[in-house]
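This report refers to the structure that appears directly beneath it.
In the UniProt record's numbering, the protein residues as written are 1 to 99.
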């Protein structure tokens, strides 16, 4: 996985720790072994979950059809434009979209 993804994970993990009722965070939880796995098993488990959540492709919306409406071509074009923007935003967040 990319360094960017790991950095995002560590920022989110730290924010979650500091956002609790009793805020506490020890940077040593991010210590890693020779295989680049976290030594802290809870952090390692959270990292696996983070990676899986980013690897699972997002379902894209179904194509918009005309349904017999002669004016639907404008709606279809608009729908495709919005879906294209949606896909770009999802992929920019580091997620995959199913084709």
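A virtual CB, placed ideally from N, CA and C, is assigned to each residue, including glycine.
> If you follow the alpha helix (DSSP H) that residue 9 is part of, which residue opens it and which one closes it?
Replying inline: For the purposes of this step, residue 9 is identified with residue 9 of the chain shown, where counting begins at 1. Its alpha helix (DSSP H) spans residues 3–18.
>> If we require 4 or more residues per run, which alpha helix (DSSP H) segments fall completely within the stretch 25–78?
In response: 41–55
> By the 10 Å Cβ neighbour count, where 16 or more other Cβ atoms means buried, how is residue 47 classified, buried or exposed?
Replying inline: In the chain shown, residue 47 corresponds to position 47, counting from 1. Buried, by the Cβ-count rule.
> If we ignore side chains and look at the alpha-carbon of each, how far apart do residue 58 and residue 19 end up?
Replying inline: By 1-based counting over the chain shown, the position of residue 58 is 58. By 1-based counting over the chain shown, the position of residue 19 is 19. Going by the C-alpha atoms only, they are around 28 Å apart.
>> Rounded to whole angstroms, what is the Cα-Cα separation between residue 55 and residue 96?
In response: As a position in the chain shown, residue 55 is number 55, starting the count at 1. As a position in the chain shown, residue 96 is number 96, starting the count at 1. Going from the Cα of residue 55 to the Cα of residue 96 covers about 7 Å.
>> Less than 8 Å between the beta carbons of residue 22 and residue 43, yes or no?
In response: Position 22 of the chain shown, counted from the first residue, corresponds to residue 22. Position 43 of the chain shown, counted from the first residue, corresponds to residue 43. Contact: no.
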